[in-house]
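*Asks:* Please see the structure below; I have some questions.
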Amino acid sequence: MPTEQPRQHNYKGEIQNMNLMKCDYNKIKNWMYRNARPLDIARWKYHFENGNRNDVITSLLAYQNSDGGFAHGLEADSWNPNSSPIQAYAACELLFEIDCPRDEPIIQSILGYLKSGLDFDGEVWLAEIPSNNNYPHAPWWSYEDNVKDEWGYNPTATLIGFILCYGKKDTSIYIKAKDIAKKAIEIYIAKTNSISMHESSCYIRLLNSLESMNKDKDYFFDVSSFKSKLIKCVNDTIERDSKKWNTTYCATPSYFIDSPTSIFYLDNKKSMDTELDLLISSRNIDGVWDITWNWGSYEKEFAISENWWKANLVIKNLKLLREFNRIL
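Under the working numbering, think of the first position of the sequence shown as 24, with each following residue one higher.
Encoded structure:
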C-alpha cells in the first residue's frame, strides 16, 4: 500500500501540504518499467530521467499511418487501425507536451494529414468515424450520425491550435485554421448552455497555442472575452465534491490546471490543494492510480487499455505534483 504520510503543522499551527515520498516515487517508477508501453516509457524518461525528445518522437511514429494520421490505439480507448482526428489530437497533445521543434518531419506529416480533408466536414474534424465500430473501442467512440452535435469543437479546437502553432502563415491550411478558430471562439463565447469538460479543454489548448505563436499579442479575436468565458466554464465544470474524484469520471481541478501559473488556479487554489493531497494518499496497492471508467465490453482489450491509461495518468500526476513542489 502507499506510504501513509500524516499531516503536519508548521510553527503557526497551519496544516502543511502532503508530499510524495522517495520510496513511493521509486515504486511508481518500477511499475512504469514493468507495465507501460514503449511510448510512455520514452515520455517517462524525457520528463523524469533527462531522456531524449527524439525517443518520444520515434515511439510515436509507430502509431502513424502513411497518410500522416495516427491510429492503433494511440488514444487508448479506440483500437481502430485507420487514421482518425481523435488519434491525431492525441499525437498533437504529445508533441505539445515535449515542445516539439517546428522542423521535425512528424510536424509536417500531421499538417499534411489535416490538410487532406479526411474526416473533415468543412467546419470540424469528426470526433468519431464509422470504422471505429469495427474494432475494439470504448462506447463513447462508437460512430453515430449526430457526432457533430455531440462533440462540437472537440477535437477540432486542439487541431486548429496545432496548425496555428506549427503551420506557416502563407499556407492554405493555416488560413483555413485561422478562419475556423475565429468562428469557433465566437461560438464558444456566445454559448449559454453547458459546455463539456472535453470541449473546454480543447479550447484551452487553442488559447495556449495562440499565445505561444503570437508573441506580439496581436490577436484576431477578443482575447479578454475568450479568457473570461474559459474561466467561467472551468469554474462551472469542476466537480466540487471531492469524494467523487476517485470513483466517478468527472472534471477534477487538475483536468484544467497543470501548474500554479494557470489562469484557472487562483479561483481553485483550495480545491487544487485538496486534489494534490488526494493524489498522494489515494494510490492503489501497486502504488499508482486507478482510472475511473471502463468500456463495459471487449474485456480482454480493455484490460490492456486500462494499463496504458494508468501509465498516462502516472506521467500526468507526477508532472503535476512536481509543478506544485509535492515530491520530496
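Where a beta carbon is used, it is the ideal one built from N, C-alpha and C, also for glycine.
Would you mind sorting Trp-316 into buried or exposed? The rule is 16 or more other CB atoms within 10 Å of its CB.
*Replies:* Exposed, because fewer than 16 other Cβ atoms sit within 10 Å of the Cβ of Trp-316.
*Asks:* Pick from Asp-100, Ala-94, Thr-275 and Lys-292: whose alpha carbon is nearest that of Ile-327?
*Replies:* Closest option to Ile-327, Cα to Cα, is Asp-100.
*Asks:* Rounded to the nearest angstrom, how far is the Cβ of Ile-203 from that of Ile-183, given a contact under 8 Å?
*Replies:* Indeed they touch by this definition, with Cβ atoms about 5 Å apart.
*Asks:* Please report how far the alpha carbon of Thr-271 lies from the alpha carbon of Glu-234, in whole angstroms.
*Replies:* Each residue's Cα considered, the two are about 33 Å apart.
*Asks:* What is the DSSP secondary structure of Ile-129, counted as helix, strand or coil?
*Replies:* Ile-129: helix per DSSP, three-state reduction.
*Asks:* Grab the span of the alpha helix (DSSP H) containing Gly-184 for me, first residue to last.
*Replies:* Residues 179–189.
*Asks:* Among residues of its own chain, excluding the 5 on either side of Ile-208, which ones have a beta-carbon nearer than 6 Å to its beta-carbon?
*Replies:* Excluding residues within five positions, the ones whose Cβ falls inside 6 Å are Phe-244 and Phe-249.
*Asks:* Nearest to Asn-177 by alpha carbon, out of Asp-281, Ala-65, Pro-124 and Val-147?
*Replies:* It is Val-147.
*Asks:* Determine the DSSP secondary structure at His-160, reduced to helix, strand or coil.
*Replies:* Strand, per DSSP.
*Asks:* Looking at the structure shown, is Ile-38 part of a helix, part of a strand, or coil, going by DSSP?
*Replies:* With a pLDDT of 49 at Ile-38, under the threshold of 50, the modelled position of that residue is not reliable, and the figure given next carries that caveat. Three-state result, Ile-38: strand.
*Asks:* Between which two residues does the alpha helix (DSSP H) holding Ile-51 run?
*Replies:* 45–58 is the extent of the alpha helix (DSSP H) around Ile-51.
*Asks:* Could you pull out every residue in the same chain whose Cβ sits closer than 7 Å to the Cβ of Asp-142, ignoring the five residues on either side in sequence?
*Replies:* For Asp-142, where only same-chain residues beyond five positions count, the Cβ hits under 7 Å are Ser-107, Pro-108, Trp-148, Leu-149 and Ile-152.
*Asks:* Leaving aside the five residues before and after Val-257 along the sequence, list all residues of the same chain whose C-beta is less than 7 Å from its C-beta, in chain order.
*Replies:* Excluding positions up to five away in sequence, the list reads Ser-223, Phe-279 and Phe-287.
*Asks:* Return the CA-CA distance between Ala-20 and Pro-124, expressed in angstroms with no decimal places.
*Replies:* The shown model of the chain, from 24 to 351, leaves out residue 20, and the question about it has no answer.
*Asks:* Are there three or more Cβ pairs, one per stretch, closer than 8 Å when the stretch 77–89 is compared with the stretch 111–124?
*Replies:* Output reads yes: the stretch 111–124 touches the stretch 77–89.
*Asks:* Once the 5 residues before and after Asp-296 are set aside, which same chain residues still bring their CB inside 7 Å of it?
*Replies:* Contacts found: Asn-40.
*Asks:* Just to confirm my understanding: we take Glu-329, look at its own chain, exclude 5 residues before and 5 after, and list those with CB closer than 8 Å. What are they?
*Replies:* If we look at Glu-329 and ignore the five residues flanking it on each side, its Cβ neighbours are Ile-314 and Asn-317.
*Asks:* Could you give the first and the last residue of the continuous alpha helix (DSSP H) run that contains Thr-271?
*Replies:* Taken as a continuous stretch (DSSP letters only), Thr-271 belongs to no alpha helix (DSSP H), as it is neither H nor E.
*Asks:* Going by beta carbon distance, what residues of the same chain come within less than 6 Å of Tyr-189, once the five residues before and after it are set aside?
*Replies:* Arg-125 and Ile-130, listed in sequence order.
*Asks:* Since Ile-121 contacts Leu-341 with CB under 8 Å, what's their CB separation in whole angstroms?
*Replies:* Rounded, the Cβ-Cβ distance is 15 Å, inconsistent with contact.
*Asks:* Grouping DSSP H, G and I as helix and E and B as strand, with all else coil, what is Ser-139?
*Replies:* The answer is coil: DSSP assigns Ser-139 none of H, G, I, E or B.
*Asks:* Taking the alpha-carbon of Ser-195 as reference, which of Ser-305, Lys-292 and Leu-137 has the nearest alpha-carbon?
*Replies:* Ser-195 has its Cα closest to that of Leu-137, out of Ser-305, Lys-292 and Leu-137.
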